[in-house]
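Numbering (the working numbering), first residue to last: 35 to 173.
Step one of this worksheet: look at the structure below.
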């Protein structure tokens, strides 16, 4: 099947599929007589695997490792588990980071008058190293 059909089946753009091939995340498919890529069901399965891992937030490097483990029938599940545990740590760190961003934004929104005045603590905070506090604004 051609790349357009694979794209429709997986919801992954043709450009992204080509990118995955270019970084060796998935094997380059066979070529038809006309030179076009000719994908098989296994290619679709690999793309769905990649897509699922990406939806879980795994970076491409880890997706490659997961693919290798998935394709290795002699794999040790502890290897997969360790990779997943490391990813959980990264996700938890990212959540803490996002919570900090949310808290800062909430504070800035609370400090913003939200009226016709041009002075805005939200915009002003982007110029400061420490953008967590409210500076009293003059009217």
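Using N, Cα and C, we set each Cβ at its ideal position, and we do this for glycine too.
Under DSSP, the beta-bridge partners assigned to residue 65 are 71. For the pair residue 103 and residue 87, the CB atoms are not nearer than the 8 Å cut-off. Taking 8 Å as the cut-off, the beta carbon of residue 60 is found closer than this to the beta carbon of residue 84. Residue 125 and residue 81 do not touch by the CB rule: their CB atoms are close to 23 Å apart, not below 8 Å. Residue 134 and residue 72 have their C-alpha atoms roughly 47 Å apart. Annotation for residue 99: the continuous alpha helix (DSSP H) segment containing it runs 94-105. Residue range 155-159 is occupied by the alpha helix (DSSP H) that includes residue 155. Residue environment analysis places residue 97 among the buried positions, since at least 16 neighbouring C-beta atoms fall within 10 angstroms of its C-beta.
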